[in-house]
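Numbering (this note's numbering), first residue to last: 16 to 206. Beta carbons: idealized from backbone N, C-alpha and C, even for Gly. None of these values were measured; they are calculated from a predicted model. Report on the following structure.
Dropping the structure here:
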């Protein structure tokens, strides 16, 4: 989900003419440490004009680094600050929290696109049974239930549901200035 949201955010910020020659490849690696290490290694192998960045979900900065008693992740980040950026949020948590807030515009957009009442999803037994100690894992389980509902109501494939849901969440949760605040520090290193 992070890849899709990041690409959509990047697309919103690169519409200007000065960014027209940028070629971007977003590679989901899995795991923040692996993401950073891939960026570090890839940067060493590329031409001097090429730029490589690692983008971590916000919970790495707000939960993982403060809770890391070995300081390994903090050191990795501090040693590579020019390569590592925050996505500004944790995708699964953001989407679930946005949906659970029952924002009128978000609920309406979901109803219109997927022909599904979000309250039906939120009151479903499978959704209500998603709990645990790790908020991110709980959010992932809840998001899976939401996606299954949206697929069944709309008839869309998984990929289409994810794509359309990402559009709806970005449009109804993050303003253009919020998105630019996240993306522009990265783009400033490219130009």
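Which residues mark the beginning and the end of the beta strand (DSSP E) in which residue i is found?
{"i": "residue 100", "result": "99-101"}
Going by DSSP, name the residue or residues bridged to residue i.
{"i": "residue 69", "result": "99"}
What's the call for residue i, buried or exposed, on a 16-neighbour Cβ count within 10 Å?
{"i": "residue 47", "result": "buried"}
{"i": "residue 206", "result": "exposed"}
{"i": "residue 187", "result": "buried"}
{"i": "residue 204", "result": "exposed"}
{"i": "residue 54", "result": "buried"}
{"i": "residue 36", "result": "exposed"}
{"i": "residue 125", "result": "buried"}
Can you tell me which of the three DSSP states residue i falls into?
{"i": "residue 165", "result": "helix"}
{"i": "residue 83", "result": "coil"}
{"i": "residue 47", "result": "helix"}
{"i": "residue 198", "result": "helix"}
{"i": "residue 139", "result": "coil"}
Tell me whether residue i counts as near the ligand SAH, meaning its Cβ is closer than 6 Å to at least one heavy atom of that ligand.
{"i": "residue 106", "result": "Although the ligand SAH was asked about, the structure shown includes no ligands whatsoever."}
State the start and end residues of the unbroken alpha helix (DSSP H) segment that holds residue i.
{"i": "residue 206", "result": "Neither: residue 206 is in no alpha helix (DSSP H) and is coded neither H nor E."}
{"i": "residue 173", "result": "173-188"}
{"i": "residue 122", "result": "119-129"}
(request) Could you say if the region 94-111 and the region 69-83 meet the contact criterion of at least three C-beta pairs nearer than 8 Å? (result) yes
(message) Across the region 38-47 and the region 109-122, are there enough close Cβ pairs to call them in contact, namely three or more that are closer than 8 Å?
(response) no
(message) Does the region 188-201 come into contact with the region 21-33, if we say contact requires no fewer than three beta-carbon pairs (one atom in each stretch) closer than 8 Å?
(response) yes
(request) Would you check if there are 3 or more beta carbon pairs closer than 8 Å linking the region 127-146 to the region 90-104? (result) no
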